[in-house]
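Q: No gaps in the numbering here: position 119 of the sequence shown is 119 in full-length UniProt numbering, and each next residue is one more.
Even for Gly, the Cβ is constructed at its ideal location relative to N, Cα and C.
Since we're looking at a predicted model, the values are computed, not measured.
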Amino acid sequence: MADYTIKSGNIVITTKFPRERINEFVSCANDSSLGLNLMSHGFHYPYTEEDAMEFIDKNREVEGESFAIDFYIIYENNVAGVIGLSDIDYDNSRSHVGYWIGKDYRGKGIATEALKAVIYFAARTLRLHSLYTSALIDNIGSIIVLTRNGFSIDGISKDCFMYDNRFYSAFMFSQLL
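(1) Name the DSSP bridge partner or partners of G98?
(2) State the DSSP-derived secondary structure class of R166, mapped to helix, strand or coil.
(3) Between which two residues does the beta strand (DSSP E) carrying F71 extend?
(4) Would you mind reading off the limits of the alpha helix (DSSP H) that contains A111?
(5) Can you give me the C-alpha to C-alpha distance between V62 and I88, rounded to a whole angstrom?
(6) Quick one: Cα of M53 to Cα of G155, how far?
(7) Find the nearest neighbour of S169 within the set L176, L177 and S157, judged by alpha-carbon distance.
(8) For the alpha helix (DSSP H) that A29 lies in, which residues bound it at each end?
(9) Considering only residues of the same chain and omitting the five flanking positions on each side of residue 202, which have a CB-CB separation below 8 angstroms?
(10) Leaving out five residues before and five after L141 in sequence, what residues of the same chain have Cβ atoms less than 8 angstroms from its Cβ?
(11) What's the gap between the Cα of Y72 and the Cα of P18?
Next up, the structure:
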């Protein structure tokens with residue numbers, strides 16, 4: 001897979017993760033709210049160094065074609081989170097986009113800026129036509145990030161996710177690029 005680094009506003013997103021910063025990544029990801037807000041996606045609490053290494057080393061290609069691209073978000077030279085494209089469908093020119101920001105970095109516009117950069121990358125580099133994602137209906141921060149970047153709500157998926165013996169509903173979002 002090719003390495004990509006993009007500077008946007010006050011952040012840098014990069015596919016190259018320096019292993020010597022693994023503890024910083026673990027500290028950022030070790031947040032009990034991430035499992036819920038990411039609708040699990042393999043996140044659990046506590047998040048360990050072994051979990052981080054597995055995520056970083058995960059194969060994201062099939063026959064030389066990327067099906068997922070993860071960017072590490074760097075803010076003021078600190079690991080602040082991850083944003084990525086997954087389920088990249090080159091035949092239909094679309095992809096899922098997902099992100100998370102460590103709790104110490106939320107509310108600073110980092111996710112908004114990172115998503116802006118990934119939208120540009122998806123349109124210009126990958127030549128995708130659309131992106132889609134979802135956000136729990138009470139995840140106001142993520143809903144704001146998505147709408148500020150031009151995503152629109154396509155509908156609601158009711159009781160689509162169970163966490164801690166409770167069902168949660170999510171807004172479904174998309175954007176044409």
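A: Short version:
(1) Residue pairing by DSSP places G98 opposite G84 in a beta bridge.
(2) In the structure shown, R166 sits in a strand (DSSP, three-state: E or B).
(3) Judged by DSSP secondary structure, F71 falls within the beta strand (DSSP E) whose first and last residues are A68 to Y75.
(4) I110 to R124
(5) 11 angstroms
(6) M53 and G155 have their C-alpha atoms spaced approximately 35 angstroms apart.
(7) S157
(8) I22 to A29
(9) The first residue shown for the chain is 1 and the last is 177, placing residue 202 beyond what the model contains.
(10) Looking at the sequence itself, residue 141 is Gly, so the reference to Leu does not match. Around G141: R106, G107 and A111.
(11) 10 angstroms
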